[in-house]
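Per full-length UniProt numbering, the sequence shown starts with residue 1, numbered consecutively. Even for Gly, the Cβ is constructed at its ideal location relative to N, Cα and C.
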Amino acid sequence: MSSTKAQFRPLLETCEPRVALSADVPANTLAVAQGEVQAPRKPAEISVPVSARNINHRHSIIIGETVRPDNGSSLLPAVTHAHGPSGEPLPVHQGIQAGRGRQRSTHAYIRTGQAGPLTSRVTGRAGTTGGFQLSATLPGDLNGDGQVTLADQKAFLSTFRSRYRNTNYLPSADANQNGQIGQGDARFLLRNLKPLTPKVPLSIFLTLAPEDAAKGPTPKTSGGKTHHRDVTILGHTTPGTFIFTDSGVGDFSFQGDVIAADAQGNFAIKVRNKEGLTNYNFLAIDPYGQQVTRVYPVYWLDFAAPGSKLK
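The following block contains the structure:
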């Protein structure tokens with residue numbers, strides 16, 4: 001069994017070009033405001049409310065902003081600056097940017113840790129002007145209750161890997177606004193999720209469910225040993241951690257399903273063994289941004305046995 005650890009920075013992730021999404025307001029919308037860039041190089045300032053409930057005792061959270069030009073407006077919007085309620089500048093990271101083709105909206109992500117008005121400065125690229133609508137969202141707040149909790153994480157599981165127009169697609173889960181729900185959106189949710197425990201080095205413990213683990217003498221190999229083709233792997237890690245599974249070809253792309261550790265840090269996944277020794281790869285990311293990969297081998301004794309008819 002092996003593991004590697006690293007930190008991630010979801011705000012620096014490159015967002016893919018988005019599709020034209022529904023005009024319906026997503027559940028995680030905090031505010032919608034109108035504005036106008038009246039002259040080149042003369043930015044408009046828009047303020048949106050950020051509450052203590054939104055921050056939810058985190059040191060800081062990420063607010064998403066989408067700026068859409070009004071119908072008939074020639075504006076190519078850009079969010080160039082943001083400041084908090086006391087005037088302190090806030091980090092602004094750019095997402096998908098407006099262009100002159102189908103993509104006319106601009107997306108930005110702002111880190112803040114103070115309740116109160118968050119003020120953004122919107123300008124027109126290439127000297128463009130015109131009216132616009134700014135929408136502020138709380139990435140990860142799938143149910144729209146103003147905070148990111150384990151309930152949102154649970155809801156995320158059923159929309160993971162969905163695409164726009166799929167019945168299980170949720171606009172409030174699409175934090176990077178690219179028309180599909182993926183690992184990048186999960187990282188945004190974790191960034192705003194209130195941790196349930198103090199920060200400790202991330203680790204992950206894996207074992208076979210008792211009913212699947214082989215009894216009696218077994219080969220002295222690492223991992224699990226079983227007589228069953230279909231087994232359940234039980235795990236324990238930091239509460240609120242997302243666990244991503246591999247694609248099934250062992251390429252460590254982690255394009256499979258996603259699981260979430262519950263409030264006690266427990267999770268379970270059902271797998272099907274394909275041969276005598278199958279390695280199951282997992283990527284775990286906790287609410288503090290720590291991540292670790294883990295390989296868990298399962299030895300299917302009946303398949304590996306000499307003369308087995310399962311081969």
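CB contact flag (residue i, residue j, <8 Å)
i	j	result
residue 27	residue 48	no
residue 177	residue 96	yes
residue 122	residue 35	yes
residue 116	residue 84	yes
residue 66	residue 105	yes
residue 283	residue 254	yes
residue 91	residue 61	no
residue 271	residue 186	no
residue 287	residue 157	no
residue 202	residue 172	no
residue 130	residue 70	yes
residue 184	residue 161	no
residue 68	residue 132	yes
residue 93	residue 82	no
residue 126	residue 76	yes
residue 224	residue 237	no
When the options are compared against residue i, the one with the closest alpha-carbon
i	options	result
residue 273	29, 226, 263, 252	226
residue 264	240, 276, 254, 251	240
residue 318	29, 52, 172	Nothing can be reported for residue 318: it is not among the residues displayed for the chain, which extend from 1 to 311.
residue 280	181, 287, 300	300
residue 150	197, 87, 119, 108	197
residue 303	230, 139, 236	230
residue 118	146, 87, 144, 208	87
residue 41	159, 50, 128	128
Those residues which DSSP pairs with residue i across a bridge
i	result
residue 296	280
residue 260	242
residue 266	236
residue 230	272
residue 163	180
residue 287	Looking at the DSSP assignment, residue 287 forms no beta bridge with any residue, so it has no partner.
Rounded C-alpha distance that separates residue i from residue j
i	j	result
residue 205	residue 293	11 Å
residue 55	residue 25	21 Å
residue 169	residue 221	42 Å
residue 44	residue 79	10 Å
residue 277	residue 297	7 Å
residue 31	residue 135	6 Å
residue 275	residue 305	11 Å
residue 285	residue 291	4 Å
residue 154	residue 260	7 Å
residue 243	residue 269	10 Å
residue 228	residue 267	20 Å
residue 215	residue 232	16 Å
residue 179	residue 164	5 Å
residue 46	residue 148	24 Å
_alpha helix (DSSP H) runs wholly inside the stretch 97-159, at least 4 long, in chain order_ = 150-159
*Counting only runs that start and end within the stretch 167-225, where is the beta strand (DSSP E) found for 3 or more residues in a row?*
205-208
*Contained beta strand (DSSP E) runs [length at least 3] in the stretch 21-83, N- to C-terminal order*: 29-37, 44-50, 61-69, 77-83
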